[in-house]
Structure formats: structure tokens, C-alpha cells
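Chemist: Got a structure here, written out as C-alpha cells. Questions coming.
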Amino acid sequence: CVVLMTDHTEYLEITPEMIPGGIFICTRPVMDPERFRARGITFRGVGRP
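Here the sequence shown is numbered in this note's numbering, starting from 7 and rising by one per residue.
Right under this line is the structure:
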């Protein structure tokens, strides 16, 4: 599981392949959920469906 709690630009380079366990929780509106969901990652974003 990865929990992203900041919007620093270096974290924008996170790819679906870098997510161990297939769960990504993003507390900032900086990542495209569909990019991760299309690769089988469970994406949860604060304030997003």
C-alpha cells in the first residue's frame, strides 16, 4: 500500500508498477485515478469517488 500525503512534484513520477500490494491512497488531487485503476490498482482519493 502507498499513501501519498503531499503534492511535491517528484511524487508525480509514481507509476502503477511501483505500488506494492496494489492499493494507492492519495490525499492530494494530483494523480489520475484512471491511470492506476486501468492497471488493476485500487485507488482511493480524498474527496473523489
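Cβ coordinates follow ideal geometry from the N, Cα and C atoms, glycine included.
Please list the segments of the beta strand (DSSP E) lying wholly inside the segment 21-53, counting only runs of 3 or more residues, in order along the chain.
Modeler: DSSP runs (the beta strand (DSSP E)) wholly in the segment 21-53: 29-32 and 48-51.
Chemist: Taking only the alpha-carbon atoms, compute the straight-line gap between Glu16 and Met37 and give it to the nearest angstrom.
Modeler: Position 10 of the sequence shown holds residue 16. Position 31 of the sequence shown holds residue 37. Taking the straight line joining both Cα atoms gives about 12 Å.
Chemist: From the DSSP secondary-structure annotation, give me the bridge partner or partners of Leu10.
Modeler: For the purposes of this step, residue 10 is taken as residue 4 along the sequence shown, with counting starting at 1. According to DSSP, Leu10 bridges with Cys32.
Chemist: What does the Cβ neighbour count give for Cys32, buried or exposed, with the cut at 16 atoms within 10 Å?
Modeler: For the purposes of this step, residue 32 is identified with residue 26 of the sequence shown, where counting begins at 1. So Cys32 ends up on the buried side.
Chemist: On the premise that Gly28 lies in contact with Gly46, defined as a C-beta separation below 8 Å, what is that separation, rounded to the nearest angstrom?
Modeler: Along the sequence shown, one-based indexing puts residue 46 at 40. Along the sequence shown, one-based indexing puts residue 28 at 22. Confirmed, Cβ separation roughly 6 Å.
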